[in-house]
Amino acid sequence: MTRIVIRVAIALLAATSLGTLVVAQEMGEVMVQASRVNAKTVGTTSSGVPIVDISLSYGVSSKGLDLASHAGVMELQKRVSDAAAAACKELGRQYPDSLPNDTDCAKAATAKAMVKVNELAAAAAKK
């Protein structure tokens, strides 16, 4: 009897997990990744000082947005830009001597994430 209950619980957990993955793919999510030079060693300077790379990623959901409309795309772009600014600000707080500055970091993170925003908008326009 205990084995049956365990098997049913595992089956329900697996079904729930798969359902969540499908919903996440349908809703569309954009990952915003802010990067700075300062925690994972990626090389050394000419004087031998280690160069390290740190990053922070935020997921931005397009849930509730009509990406076939201009207003929906603009709102997603704003969400992405806000997430990039927040991620870069947090990295700057944790690693104050890291490069680039918050503004340049946010611009780069936003630009990378906008590729996915444009893909989601183009897919929505085709529907």
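Take the sequence shown: its position 104, counting from 1, is numbered 1203 in my numbering, and each next residue is one higher.
For every residue, glycine included, the Cβ atom is placed at its ideal position computed from N, Cα and C.
Bear in mind that the values here come from a model prediction, so they are computed numbers and not experimental data.
If we ignore side chains and look at the alpha-carbon of each, how far apart do residue i and residue j end up?
i	j	result
ASP1196	LEU1190	10 Å
ALA1221	GLY1158	20 Å
LYS1225	GLU1218	11 Å
LYS1206	ARG1135	12 Å
THR1209	PRO1199	14 Å
ALA1183	VAL1148	28 Å
ASP1152	HIS1169	36 Å
CYS1204	SER1146	25 Å
GLY1127	ASP1181	17 Å
Report all residues from its chain with a CB closer than 7 Å to the CB of residue i; omit the five preceding and five following residues, and keep chain order.
i	result
ALA1223	LEU1166, ALA1167
ARG1178	VAL1159
LEU1164	GLY1171, GLU1174, LEU1175
LYS1211	GLN1132
Taking the alpha carbon of residue i as the point to measure from, which residue in the options has its own alpha carbon closest?
i	options	result
GLN1193	LEU1155, GLY1147, GLU1174, GLY1163	LEU1155
Counting only the same chain and skipping the five closest in sequence on each side, list residues whose C-beta sits under 6 Å from that of residue i.
i	result
ASP1201	CYS1187, LYS1188, GLY1191
Report all residues from its chain with a CB closer than 8 Å to the CB of residue i; omit the five preceding and five following residues, and keep chain order.
i	result
MET1213	GLN1176, VAL1179
VAL1216	VAL1129, VAL1172, LEU1175, GLN1176, VAL1179
ALA1185	TYR1157
The beta strand (DSSP E) with residue i in it runs from where to where?
i	result
ASP1152	1149–1160
Which two residues bound the contiguous alpha helix (DSSP H) that contains residue i?
i	result
ASP1165	Note, ASP1165: premise wrong, no alpha helix (DSSP H); not H, not E.
What does the Cβ neighbour count give for residue i, buried or exposed, with the cut at 16 atoms within 10 Å?
i	result
SER1161	buried
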